[in-house]
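Quick notes on the structure that follows.
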Amino acid sequence: MTDPAYLITDTGRKLAYHQSPGAAPGVVFLGGFKSDMEGTKALYLEEWARKAGRAFLRFDYSGHGQSSGAFTEGCIGDWAADAKAAITALTNGPQVLVGSSMGGWISLLLARAMPDRVAGLVTIAAAPDFTEDSMWGGFDDAQRAELADRGQVALPSEYGEPYIITRRLIEDGRDHLVLRDPLNLPFGVRFLQGNADKDVDMSVAMRLLDHSTGPDMRLTLVDGADHRFSDPACLALIARSVEEVLAGAVGL
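So, in structure tokens, the structure goes:
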């Protein structure tokens with residue numbers, strides 16, 4: 001594994017990244033909550049991009065992977081700002097964003113904040129508004145009281161150590177919701193979702209499709225696919241979806 005390069009943002013955060021040169025529009029991978037850029041999907045897409053001669057960028061949000069900061073200090077607004085900084089500083093022109101889980105939410109925020117830099121969108125088990133609808137909405141009275149009193153609450157995770165959910169994460173999330181206001185996606189969009197996903201229910205994907213407007217949106221449900229969405233068939237579907245979006249992008 002090669003060492004990453006680093007970007008120092010205007011906020012002073014040090015973001016680790018790997019970048020491959022190639023044709024435009026480039027592809028940017030946006031990882032999930034407490035994930036990093038060394039995951040199966042990111043590395044698969046990087047290899048696909050190299051073979052296709054396509055520019056590609058993967059990076060770690062602050063508090064994730066090899067970037068600076070503590071995970072518990074971050075929030076959706078911080079991580080969206082990290083993504084915006086990376087795209088602005090490290091890429092040229094519109095990019096196809098591939099957002100996994102929380103990265104799907106962040107990709108939607110970027111599409112709203114910098115539409116001129118988005119050539120298309122592929123989401124994988126997108127989790128828009130999850131801090132409000134899944135976390136806060138799923139807390140019982142005791143958890144809500146603990147969050148108010150202690151400023152954090154621990155949630156079990158099947159991926160390892162418990163998730164520490166902070167009051168700041170919940171409160172900041174409310175400033176970045178995307179399913180409450182109109183969401184226009186004026187480019188090719190592919191929403192991918194497994195029906196065996198225990199972390200993001202299929203109803204979230206249906207709600208996202210129904211809520212969004214755009215000229216070329218498709219939702220693909222994969223029988224038996226879980227939240228990881230990383231078996232060979234799912235990985236191939238991700239690559240095909242990126243190719244479809246690229247084929248429809250302006251300038252190709």
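Numbering (the UniProt record's numbering), first residue to last: 1 to 252.
Glycine is no exception: its CB is placed at the ideal position from the N, C-alpha and C atoms.
Every value quoted in this text rests on a predicted model; they were computed, and no experiment measured them.
Boundaries (first-last residue) of the beta strand (DSSP E) holding Arg218: Following the DSSP letters along the chain, one finds Arg218 inside the beta strand (DSSP E) bounded by residues 216-222.
Straight-line CA distance for Gly138 to Ser35? Gly138 and Ser35 have their C-alpha atoms roughly 22 Å apart.
Residues that Ala16 bridges to, as DSSP identifies them: According to DSSP, which records beta bridges pairwise, Ala16 is partnered with Tyr6.
If you reduce the DSSP assignment to three classes, tell me which class residue 287 lands in. Residue 287 is absent from the model: the chain starts at 1 and stops at 252.
Mind checking Leu155: buried by the 16 CB within 10 Å criterion, or exposed? That one is exposed.
In three-state terms, what does DSSP make of Tyr44? If DSSP states are grouped into helix, strand and coil, Tyr44 belongs with the helices.
Verify whether the separation of the beta carbon atoms of Gly31 and Gly39 is less than 9 Å. The beta carbons of Gly31 and Gly39 sit closer together than 9 Å.
Using the Cβ count rule (16 or more neighbours within 10 Å means buried), how would you classify Thr131? Per the 10 Å Cβ criterion, buried.
What residue does the beta strand (DSSP E) around Ala233 start on, and which one ends it? Note, Ala233: premise wrong, no beta strand (DSSP E); alpha helix (DSSP H) at 232-248.
Ser68, DSSP secondary structure in three states: Here Ser68 sits in coil by DSSP.
Does the distance from the C-beta atom of Gln15 to that of Ala85 stay below 9 Å? The residue asked about is misnamed: residue 15 is Leu in this sequence, not Gln. Contact flag set, yes.
Cα-Cα separation between Ile88 and Asp60, rounded to whole angstroms: In the sequence as presented, Ile is not what sits at residue 88; that position holds Thr. Roughly 15 Å between the two C-alpha positions.
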